[in-house]
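Visitor: The end of the sequence shown is residue 420 by the working numbering, with every number in the run present. Cβ coordinates follow ideal geometry from the N, Cα and C atoms, glycine included. Predicted model only: the values in this text are computed from it and were never measured.
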Amino acid sequence: MQRRYEPELLPIVDRAVQVGMPFLDCGANLGWWAVIAGSAQQGPQRVLAVEASPSTFRGLADNNRLNGDTFRTLQAAVWSRSGETVDFVEARESAASSVAQTSLPMMVTGRRRRVPTATLDELLTTVAPDGGPVLCKLDVEGAEVAALSASELVRSGDVAVVFEDHGSDPTSATSMWFLERGYIVHAPDPDGTLMRITDIATINAFKVDPARGYNFLAWAVGGAAEQLFGPQVR
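(1) What is the C-beta distance between residue 319 and residue 263, in whole angstroms, given that I count them as a contact (C-beta under 8 Å)?
(2) Please state the DSSP three-state secondary structure of residue 286.
(3) Return the first residue and the last residue of the alpha helix (DSSP H) that residue 261 is part of.
(4) From the DSSP output, read off the bridge partner residues of residue 345.
(5) With DSSP collapsed to three states, give me the class of residue 200.
(6) How is residue 403 classed by DSSP in three states: helix, strand or coil?
(7) Report the CB separation of residue 380 from residue 341 in whole angstroms; it is logged as a contact under 8 Å.
(8) So for residue 251, helix, strand or coil by DSSP?
(9) Between the stretch 295–304 and the stretch 321–331, do three or more beta carbon pairs fall short of 8 Å?
(10) Out of curiosity, what's the CA-to-CA distance linking residue 408 and residue 378?
(11) By how many angstroms is the C-alpha of residue 196 removed from the C-alpha of residue 235?
(12) Whose C-alpha, out of 256, 390, 374, is nearest the C-alpha of residue 361?
(13) For the stretch 308–323 and the stretch 357–376, state whether three or more C-beta atom pairs, one from each stretch, are separated by less than 8 Å.
(14) State the start and end residues of the unbroken alpha helix (DSSP H) segment that holds residue 366.
(15) Please determine, among 393, 397, 398, 402, the residue with the shortest C-alpha to C-alpha distance to residue 382.
(16) Taking Cβ to Cβ, would you say residue 205 is nearer than 7 Å to residue 223?
(17) At the level of alpha carbons, what is the spacing between residue 258 and residue 231?
(18) Measuring alpha carbon to alpha carbon, tell me which of 418, 396, 384, 335 ends up nearest residue 375.
(19) Give the DSSP-derived three-state secondary structure of residue 242 in the structure shown.
(20) As a quick exercise: from 239, 256, 357, pick the residue whose alpha carbon is nearest that of residue 219.
(21) By the DSSP assignment, the alpha helix (DSSP H) with residue 446 in it spans what residues?
(22) Can you find the residues in the same chain that come closer than 6 Å, C-beta to C-beta, to residue 306, ignoring five residues on each side of it along the sequence?
(23) Give the DSSP-derived three-state secondary structure of residue 353 in the structure shown.
(24) Can you give me the start and stop residues for the beta strand (DSSP E) that residue 379 sits inside?
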């Protein structure tokens with residue numbers, strides 16, 4: 187039986203858009219979650235889908251048009267600095283494409299393209315110019331730690347971050363980044379509940395398949411993200 191596409195994320199996105207929380211999708215691919223968030227009719231200025239791969243971005247832009255331009259799109263690599271360009275490797279499988287200097291062990295070679303960079307804080311401000319809570323999906327194939335380390339807004343507690351920790355990464359670097367800094371990390375379930383995770387061994391126990399990524403949800407203590415998603419913790 188074919189696995190449904192990331193069913194554990196649907197309750198998270200639904201809950202966020204129901205209360206009008208802006209949505210930032212970094213590493214949007216063809217924009218599945220941006221389409222869902224944009225369909226809530228909260229306005230395209232509050233939903234931004236960011237994709238680095240030039241070929242995938244063309245499909246993302248087409249998908250947005252087919253769905254009534256309910257969100258905005260940006261071609262950029264999410265990185266620690268803005269206004270630069272980086273080498274981006276376009277692999278045959280879009281999920282294996284990545285910024286060249288952050289390729290995970292399972293990544294394959296492909297065509298290199300120069301891509302402009304943007305920081306998380308720049309992008310978060312785009313969807314929430316006056317501040318306030320944001321749901322951010324961060325799936326940028328190895329560049330997560332570089333992007334997070336440069337962000338002040340993620341530390342504020344108002345940004346809930348859905349991030350991918352890939353099964354091919356034995357260090358679980360992104361999860362470790364959050365846990366070492368005292369963020370609250372959870373494993374989401376398709377039924378909408380969240381399981382609190384306090385150590386890297388539990389993260390690694392989830393990652394049984396080196397060929398796929400695993401989604402987790404994190405936020406800083408004491409902000410709007412905790413107020414919204416905290417009641418879902420079991």
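Guide: To lay it out plainly:
(1) Along the sequence shown, read from residue 1 onward, the residue named residue 319 stands at position 133. Along the sequence shown, read from residue 1 onward, the residue named residue 263 stands at position 77. Actually they are not in contact, since the Cβ atoms of residue 319 and residue 263 sit about 25 Å apart, beyond 8 Å.
(2) As a working note, residue 286 is residue 100 in the sequence shown. The pLDDT assigned to residue 286 is 46, lower than 50, so where the model puts this residue is not dependable, and the model offers no usable value.
(3) In the sequence shown, the residue the question calls residue 261 occupies position 75. Counting along the chain, residue 261 falls outside any alpha helix (DSSP H), though it belongs to the beta strand (DSSP E) covering 258–261.
(4) Here the question's residue 345 lines up with position 159 in the sequence shown. DSSP, once it has assigned bridges, lists 320 as partnering residue 345.
(5) The count along the sequence shown starts at 1 and reaches residue 200 at position 14. It is helical.
(6) In the sequence shown, the residue the question calls residue 403 occupies position 217. Reduced to three states, the DSSP call for residue 403 is strand.
(7) Looking up residue 380 in the sequence shown gives position 194. Looking up residue 341 in the sequence shown gives position 155. Actually they do not touch by this definition, with Cβ atoms about 21 Å apart.
(8) If you number the sequence shown from 1, residue 251 lands on position 65. Helix, per DSSP.
(9) Judged by Cβ distances under 8 Å, the stretch 295–304 makes no contact with the stretch 321–331, as fewer than three pairs qualify.
(10) Within the sequence shown, numbered from 1, the residue matching residue 408 stands at position 222. Within the sequence shown, numbered from 1, the residue matching residue 378 stands at position 192. In a straight line, the C-alpha of residue 408 is about 21 Å away from that of residue 378.
(11) The sequence position of residue 235 within the sequence shown is 49, counting from 1. The sequence position of residue 196 within the sequence shown is 10, counting from 1. Roughly 16 Å between the two C-alpha positions.
(12) Counted from its first residue, the sequence shown places residue 361 at position 175. Comparing Cα positions, the closest option is 390.
(13) no
(14) Locating residue 366 in the sequence shown gives position 180, counting from the first residue. Residue range 359–366 is occupied by the alpha helix (DSSP H) that includes residue 366.
(15) Taking the sequence shown and counting its residues from 1, one reaches residue 382 at position 196. Looking at the Cα atoms, 402 is the closest of the given residues.
(16) Along the sequence shown, one-based indexing puts residue 205 at 19. Along the sequence shown, one-based indexing puts residue 223 at 37. Cβ atoms of residue 205 and residue 223: not closer than 7 Å.
(17) By 1-based counting over the sequence shown, the position of residue 258 is 72. By 1-based counting over the sequence shown, the position of residue 231 is 45. Going by the C-alpha atoms only, they are around 7 Å apart.
(18) Residue mapping note: residue 375 aligns to position 189 of the sequence shown, counting from 1. Looking only at 418, 396, 384, 335, the smallest Cα-Cα distance to residue 375 is reached by 418.
(19) Here residue 242 refers to the residue found at position 56 of the sequence shown. In the structure shown, residue 242 sits in a helix (DSSP, three-state: H, G or I).
(20) If you number the sequence shown from 1, residue 219 lands on position 33. When only C-alpha atoms are compared, the closest one is 256.
(21) This structure leaves residue 446 out entirely; the chain is present only between 187 and 420.
(22) On the sequence shown, position 120 is the one that residue 306 refers to. Same-chain partners within the cutoff: 333, 337.
(23) As a first step, residue 353 is located in the sequence shown; it is residue number 167 there, counting from the start. DSSP places residue 353 in coil when its eight states are reduced to three.
(24) For this step, residue 379 is matched to residue 193 along the sequence shown. Taken as a continuous stretch (DSSP letters only), residue 379 belongs to no beta strand (DSSP E), as it is neither H nor E.
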